[in-house]
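Trainee:
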Amino acid sequence: MLYHYILCAFITLFYIMEPAYNPVTQWEGHHFAFSYQPCTQTEPRRKDRSNVHGSHRAVGAAAGLAMSYRFEPGRIYRMPTHFGPSVSPRQPPTAKEYDWSASECLSVSVTLPVDRDGLEGLLPPGFALLGAPELCLTFSYLTNLPWLAGRGYNTLGVTVPVRYCDAHVGSLMLVLWENMADPILTGREELGMPKIFCDLPAARRTGATIDCTAEWHGFRFLNLTVSSLHESLDTALPDPATLPTRGQLLHYRHLPAVGDWGRVSVAEVTLTPPARGDAVLAVETGMARIDWHVPRWEDMPTQSEIVNRLASICVADNGCGEILVTRGGAYEHRDQQVVARL
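All letters in the sequence shown, in the order written, are residues 1316 to 1657 by our numbering.
Written out as structure tokens, the structure is:
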């Protein structure tokens, strides 16, 4: 039987190396009978990618090779796609839905006034400030996330209240740092969020003071300290409909064209509706202070411009800080929307 497999491999190899011929094979007892039929095509062959997956499967079947995989309709795929649908907050590994009831989030935030001209220079086309020029910086520490099998990660988001084309209002996410690759990939590819990496150590609580830091490969670029913390009597979250931003987040999704450098492949505005289902465990307020540590290019080669621009527009380094602890929030964002394709 060995010579049968060797002969089959020779036929396949000849077909690959001699595109001017088409092999026709058939099994006859204990031997292969085959012939070669010259191609009648005389014009140069052109690539037709309209049915590239189907043509690959046909060639594979003719050569006795395994057929390529098919994409399952309605399923989410991320690169690499070769191993099947991808697990994410929106797609569990099985048919059983995630249980978000034990997930928790500790958020430490401060809102600061900033220079109007400098802030408007950070807004994409079609966006305008909503109200006074201000930035909100929020450190969040998420734990017991079901899509990570009980693990968690930390984030640092910078938002500004905006209006988009007089049709939508929300907090524009200028940048969202996270300390884990998995949520960065899922958020960028599936939601259009401007996520990038940095190190975000756990917050340090000492009495009535909490300290949050953000670093990039050993360079600390931001400190947020909230002191004189005291419990708030009002622990109810405001109705999103009563907020100027309606509790929504807006994102500007931008993907460059591969190989056609300088051109855009995807430009969209996406919207995150307000989160629901969180149970408030604690609310504390205090005096907050931020300290930007301006990097050189050598300190943060790919992010120094981001930090420098944000630091340059801040006209104050202190304000009212807040700590919010919630449980049971579902961070799956299945209701994410594209509100504009540019």
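Built from N, CA and C at the ideal position, the CB exists for glycine as well.
In whole angstroms, what is the alpha-carbon distance linking valine 1653 and threonine 1585?
Mentor: Distance between the alpha carbons of valine 1653 and threonine 1585: 4 Å.
Trainee: Give the DSSP-derived three-state secondary structure of glycine 1507 in the structure shown.
Mentor: Reduced to three states, the DSSP call for glycine 1507 is coil.
Trainee: Would you mind listing the beta strand (DSSP E) stretches within the stretch 1399-1479 that are 3+ residues and don't spill past its ends, in chain order?
Mentor: Complete beta strand (DSSP E) runs here, min 3: 1419-1428, 1442-1444, 1449-1458 and 1468-1479.
Trainee: Leucine 1544: which of Asp1526, Phe1534, Asn1538 and Leu1506 sits nearest, CA to CA?
Mentor: Comparing Cα-Cα distances from leucine 1544 to each of Asp1526, Phe1534, Asn1538 and Leu1506, the minimum goes to Asp1526.
Trainee: What does the alpha-carbon distance come out to for the pair glutamate 1599 and alanine 1417?
Mentor: One C-alpha to the other measures close to 21 Å.
Trainee: List the endpoints of the continuous beta strand (DSSP E) containing proline 1571.
Mentor: Element bounds for proline 1571: 1564-1571.
Trainee: If you compare alpha carbons, which of Val1573, Leu1596, Gly1574 and Glu1583 is closest to serine 1547?
Mentor: Residue Leu1596 is the option with its Cα nearest to serine 1547.
Trainee: From this set, Trp1462, Leu1452 and Leu1438, which residue's C-alpha is nearest valine 1477's C-alpha?
Mentor: The residue with the shortest Cα to Cα distance from valine 1477 is Leu1438.
Trainee: Between the beta-carbon of threonine 1540 and the beta-carbon of aspartate 1606, is there less than 9 Å?
Mentor: In this structure, aspartate 1606 lies closer than 9 Å to threonine 1540 by Cβ.
Trainee: How many Å lie between threonine 1617 and aspartate 1514 at the Cα?
Mentor: Those two C-alpha atoms are separated by around 14 Å.
Trainee: Quick check on lysine 1411: buried or exposed, where buried means 16 or more other Cβ atoms within 10 Å of its Cβ?
Mentor: Result: exposed.
Trainee: How is the alpha helix (DSSP H) around aspartate 1549 delimited, first residue to last?
Mentor: Premise fails: aspartate 1549 is in no alpha helix (DSSP H) and is neither H nor E.
Trainee: In whole angstroms, what separates the C-alpha of threonine 1550 from that of tyrosine 1384?
Mentor: Straight-line Cα distance between these residues: approximately 52 Å.
Trainee: Excluding the five sequence neighbours on either side, which residues of its own chain have a C-beta within less than 7 Å of the C-beta of glutamate 1583, listed in chain order?
Mentor: If we look at glutamate 1583 and ignore the five residues flanking it on each side, its Cβ neighbours are Gly1507, Arg1568, Val1653, Ala1655, Arg1656 and Leu1657.
Trainee: Between Trp1576, Leu1444 and Ser1403, which has its C-alpha nearest alanine 1464's C-alpha?
Mentor: Out of Trp1576, Leu1444 and Ser1403, Ser1403 has the C-alpha closest to the C-alpha of alanine 1464.
Trainee: So the candidates are Tyr1468, Asp1432 and Glu1530; which of them puts its Cα closest to the Cα of tyrosine 1646?
Mentor: Cα-wise, what sits closest to tyrosine 1646 is Tyr1468.
Trainee: Do valine 1473 and leucine 1444 have their C-beta atoms closer together than 9 Å?
Mentor: Going by C-beta atoms, valine 1473 is not nearer than 9 Å to leucine 1444.
Trainee: Could you have a look at aspartate 1497 and say whether DSSP puts it in helix, strand or coil?
Mentor: Aspartate 1497 falls in the helix class under three-state DSSP.
Trainee: I'd like the list of long-range same chain contacts for threonine 1501, defined as Cβ closer than 6 Å, with 5 residues on each side in sequence excluded.
Mentor: If we look at threonine 1501 and ignore the five residues flanking it on each side, its Cβ neighbours are Ser1403.
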